[in-house]
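Trainee: Take this structure, written in structure tokens, and hold onto it; I'll ask about it next.
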Amino acid sequence: MSSLDPVLLSRMLTGITLFVHIVFASIGVGIPLMIALAEWRGLRTGDSHYTLLARRWARGFVITVAVGVVTGTAIGLQLSLLWPTFMRVAGQAIALPLFLETFAFFIEAIFLGIYLYTWDRFKSKYFHLMLLIPVAIASSASAVFITTVNSFMNQPQGFTLKNGVMTDIHPIQAMLNPATPTKVSHVLASSYTLSAGVLMGLAAYSMLRGRNHPYFKKALKLTATCTIVFAISTVMIGDASGKFLAKYQPEKLAAAEWHFDTMTHAPFVYGGYMDENGDIKYALKVPYALSVLAGNLPSTEVKGLNDYPVDERPPLSIHYMFDLKITTGVLILVIPLLYLIRGRLPGRKPYPRWLLLALILVGPLAMIAIELGWMFAEVGRQPWILRGYMKVSEAATTSTSVGWMLVMFVILYLVLCFSAIKVLSKLFRNKDAVEEMKQLGMEGAESK
């Protein structure tokens, strides 16, 4: 393995680390908000089922945080070991958001510990809920700060580069680059959507197994409603992201749409494949839609790939990532919406087996969408690690030991993922929700 290209191995290792970390990180961002909504609704309505939801979700959240810390630490380690040239050049520009991300995590960890160990300790139950507010804010802030680093890599600013050295660095300006608004908002919205979708799937799975207790029905309705709201916001921000690409990274949008010639009234290409002659086969072409995505009007000019040097064009394979991301995004929105609409139709069985199965799939679909989104963002930035300034091949280590690091980290991630799934499964199986209601003496614990 030492004979393989260190650049390729470094990209593989970083990609695998991000692939694992992004799921746990997204759940770590979204679950605190879901816990807060459940506890708030329980206090507002006096319904202890929602309070129990918050309790149980909080227990599982701790496990995902622990795994996220390990994979997040691995990313920080790999930045220095695998991309030393990048860190030497850009390290000062991204040091501030990296420090702020660590600070936000400390706040999250401190208040999460206090929150977990102070159930039923206060006269005012709202005081306990207030302890969760710093957790939710800090977890989202952590995502904001780390995403600004990625935004900087896509749209670097706030410095002067002289002879390969950054001077006159303005960290705040570097953080508040043009990519930050759309990237940060998209990361937050997609994280909330994923978290709500996973919790919705768990409730649907319980009902599929015949658990018809009102507790599970309330959990399903709450999480489905949240999934729809967050999914709609994700779609709206996705539209803004398309306009950002058209203005600031037109080569990425062009590669995603197999758009080669600069023109107005450009069609949106969905699906299909490109043969060896460069002809697009079996694709659905929506007239003017790409121009509308780029600038809201059919007359908007969309730059084509032919305007860029061949060695600076992103891989055309990102077209498939882009299309799959759109497809999964539509399904994530439609499935819970169908559930809420069907529940209002007279004479219809509200929880048919096929619909519960579809609801279970929303969580995995949201994970796939997030993975595709990051793959599209990172692969679509190629060949640059710092767009316009440094290519990936210039930033990677030349060490011959990356292959062994790759093997060790893959083993670590397999152990972490397996352990997390095993622990979470045992955590909830060993303490059944209905049994816990009985232990707590909750009203309606015997309801079926």
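For what it's worth, my numbering labels the leading residue of the sequence shown as 1297, then goes sequentially. Don't be surprised by glycine CBs; every beta carbon is placed ideally from N, CA and C. Just so you know, these numbers come straight off a predicted model, no measurement behind them.
Taking all protein chains shown into account, do 16 or more other C-beta atoms lie within 10 angstroms of the C-beta of Ile-1390, making it buried, or fewer, making it exposed?
Mentor: When all chains shown are included, Ile-1390 counts as buried.
Trainee: Apart from the five residues on each side of it in sequence, which residues of its chain come closer than 6 Å, Cβ to Cβ, to Arg-1725?
Mentor: Hits under 6 Å: none found.
Trainee: In the DSSP assignment, what are the bridge partners of Phe-1564?
Mentor: Paired residues: Val-1582.
Trainee: Touch check for the stretch 1526–1546 and the stretch 1498–1516: three-plus C-beta pairs under 8 Å?
Mentor: No, they do not touch.
Trainee: Taking C-alpha atoms, which residue in Val-1483, Arg-1384, Lys-1419 lies nearest to Leu-1339?
Mentor: For Leu-1339, the nearest C-alpha among the options comes from Lys-1419.
Trainee: Using CA atoms only, rank isn't needed, just tell me which of Cys-1522, Arg-1384, Leu-1412, Pro-1563 is closest to Val-1269.
Mentor: Nothing can be reported for residue 1269: it is not among the residues displayed for the chain, which extend from 1297 to 1744.
Trainee: Hey, quick one: how far does the alpha helix (DSSP H) through Lys-1458 stretch, first residue to last?
Mentor: Where Lys-1458 is concerned, there is no enclosing alpha helix (DSSP H), although the beta strand (DSSP E) it sits in stretches over 1456–1458.
Trainee: Relative to the C-alpha of Val-1445, which candidate in Ala-1470, Leu-1425, Lys-1458 has its C-alpha closest?
Mentor: It is Ala-1470.
Trainee: Please tell me whether Ala-1662 and Thr-1489 are closer than 8 Å, where the distance is taken between their beta carbons.
Mentor: It is a contact, given that the beta carbons lie within the stated cut-off.
Trainee: Compare the C-alpha of Ser-1487 against each of Val-1565, Gly-1342, Ser-1306, Ala-1432 and name the closest.
Mentor: Cα-wise, what sits closest to Ser-1487 is Ala-1432.
Trainee: When you compare only the Cα positions, how much space is there between Phe-1320 and Lys-1517?
Mentor: Whole-angstrom Cα-Cα distance: 24 Å.
Trainee: Please specify which runs of the alpha helix (DSSP H), each continuous and at least 4 residues long, are wholly inside the stretch 1571–1649, giving them in chain order.
Mentor: For the stretch 1571–1649, whole alpha helix (DSSP H) runs of length 4 or above, ordered along the chain, are 1585–1591, 1614–1640.
Trainee: Quick check on this structure: which residue in Thr-1693, Leu-1723, Ser-1721 has the alpha carbon closest to the alpha carbon of Leu-1305?
Mentor: Considering only alpha carbons, the answer is Thr-1693.
Trainee: According to the Cβ coordinates, are Met-1496 and Ala-1520 closer than 8 Å?
Mentor: Yes, the Cβ-Cβ distance between Met-1496 and Ala-1520 is below 8 Å.
Trainee: Okay, do the stretch 1421–1436 and the stretch 1400–1411 touch, 3+ Cβ pairs below 8 Å being the bar?
Mentor: With a cut-off of 8 Å, the stretch 1400–1411 and the stretch 1421–1436 count as touching, because enough Cβ pairs lie within range.
Trainee: Quick check: Leu-1349 and Ala-1332, are their CB atoms within less than 8 Å of each other?
Mentor: Their beta carbons are not under 8 Å apart, which means Leu-1349 does not touch Ala-1332 by this criterion.
Trainee: Determine the direct distance from the alpha carbon of Leu-1634 to that of Ala-1550, and round the result to whole angstroms.
Mentor: Ala-1550 and Leu-1634: Cα-Cα distance of roughly 34 Å.
Trainee: With a threshold of 16 other CB atoms inside 10 Å of the CB of Ala-1536, please say whether the residue is buried or exposed.
Mentor: Exposed, because fewer than 16 other Cβ atoms sit within 10 Å of the Cβ of Ala-1536.
Trainee: Starting from Thr-1681, trace the beta strand (DSSP E) both ways and give me its first and last residue.
Mentor: Thr is not the amino acid found at residue 1681; the sequence shown has Ile there. Where Ile-1681 is concerned, the enclosing beta strand (DSSP E) stretches over 1680–1682.
Trainee: If you run the structure through DSSP and keep just helix, strand and coil, what is Phe-1382?
Mentor: In this structure, Phe-1382 counts as helix in the three-state DSSP scheme.
Trainee: Candidates Arg-1505, Leu-1484, Thr-1523: which alpha carbon is nearest Gly-1669's?
Mentor: For Gly-1669, the nearest C-alpha among the options comes from Leu-1484.
Trainee: Helix, strand or coil for Thr-1367, going by three-state DSSP, please let me know.
Mentor: DSSP places Thr-1367 in helix when its eight states are reduced to three.
Trainee: DSSP three-state label for Lys-1687, please.
Mentor: Strand at Lys-1687.
Trainee: Rounded C-beta distance between Asn-1602 and Asp-1557? I'm assuming under 8 Å.
Mentor: The Cβ separation is near 6 Å, so the contact holds.
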